[in-house]
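As they're listed, the protein sequences go chains A and B. Here UniProt numbering is used: the first residue of the first sequence is 1, the next is one more, and so on. Here UniProt numbering is used: the first residue of the second sequence is 1, the next is one more, and so on. No residue lacks a Cβ here, since even glycine has one placed at the ideal position from N, Cα and C. Computed from a predicted structure; not experimentally measured. These notes are about the structure you will find just below.
2 protein chains.
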Amino acid sequence: MSNAKALPLLERQPAPESAVPCCPPLTERPLTAEEAERTAGMFKALGDPVRLRLFSLVASHEGGEACVCDISDVGVSQPTVSHHLKKLREAGLLTSERRGTWVYYRVEPSVVAAMGQMLKIAG
Amino acid sequence: MSNAKALPLLERQPAPESAVPCCPPLTERPLTAEEAERTAGMFKALGDPVRLRLFSLVASHEGGEACVCDISDVGVSQPTVSHHLKKLREAGLLTSERRGTWVYYRVEPSVVAAMGQMLKIAG
DNA sequence: CACCTGTATCGACAAGCGTCAACATAGACA
DNA sequence: TGTCTATGTTGACGCTTGTCGATACAGGTG
């Protein structure tokens, strides 16, 4: 990139690349290949019924967080629950924290908001 | 773009039976297994980078619709494009209509709105 | 220390998915 | 009719994913 001038310093770059309000509404302009690559992972994470249930269990739990023990009754084995929670974490949709014996998961609001933003329908 | 002559003013077919204001926001209450099963398919459809690009190409195209020929330059072969468009159709996100030589795709707004609704963050 | 419970990881398997080349189908036009 | 273009379908291939049992790790309790 050829940056030959004193920069206006106005470009605000959202610092962490992990928790990213990525893209404009899908109706605004076509996504680039790179944007699509980054963003598809979020939708993919919710593209499994078990993960979608786990996510809604965390999202709707009182206090905004849920212990694994609160949400692990979704009809699959414990290792499978753990596997799906890891996927949701890797996609940036959930964060986890161990407190004593239990591990608590909570929703990452900015990422979910970014997804919702992309689905906004142009009036 | 080429304007087909003497277009038989497109009659809008009624939405498919799956057109769905499915579920409340994911923060409101946990999804049932059945709801999750139905809904995950929509997110899954957008969980592939090529499909996400195709969808945004249709969604952002002028007139709200796009011919396959307008959007097929996404770096995969023509059969693959057709395959992905079929997936998006089956998920209820796109509808298609043949007009003469070309096939036009457009977004199904109610389904996209339902997805956005689910991602609404509780204040 | 030993033991128990909650959660994550490993290894393996079947099923699903993305991709392509080849072929098929639909419409326009000569 | 036949040929050309635009899309869809088929069949096959390899990679990914969801699932489980077995096992490992972490923290509490006795």
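- The contact set of L93/B on chain A, defined by CB atoms closer than 9 angstroms, is empty, because the minimum CB distance reaches about 10 angstroms.
- Boundaries of the beta strand (DSSP E) around C67/B: 65–67.
- Within the UniProt domain "HTH arsR-type" (31–123) of chain B, the beta strand (DSSP E) runs of at least 3 residues that lie entirely inside it are, in chain order, 65–67, 94–99, 102–107.
- By the CB criterion at 8 angstroms, A66/A and L57/A fall inside the cutoff.
- Around the beta carbon of H83/B, fewer than 16 other beta carbons sit within 10 angstroms, so the residue counts as exposed.
- By the Cβ-count criterion, G47/B is buried, with 16 or more other Cβ atoms from all chains shown falling within 10 Å of its own Cβ.
- Separation of T95/B and A33/B (C-alpha to C-alpha, rounded to the nearest whole angstrom) is 27 angstroms.
- The beta carbon of V112/B falls within 8 angstroms of a beta carbon belonging to chain A, placing the residue at that interface.
- When C-beta atoms of the stretch 22–30 of chain A are compared with those of the stretch 58–78 of chain B, three or more pairs fall below 8 angstroms, so the two segments count as touching.
- Think of a sphere of 7 angstroms around the beta carbon of R53/B: the chain A residues whose beta carbon falls inside it are P30, L31, A33, A36, in chain order.
- Rounded to whole angstroms, L88/B and L85/A show a C-alpha spacing of 26 angstroms.
- Residues of the stretch 61–75 of chain B whose Cβ lies closer than 7 angstroms to any Cβ of chain A, in chain order: G75.
- Within the same chain, A91 come within 6 angstroms of G41/A by CB-CB distance, once the 5 residues on both sides are set aside.
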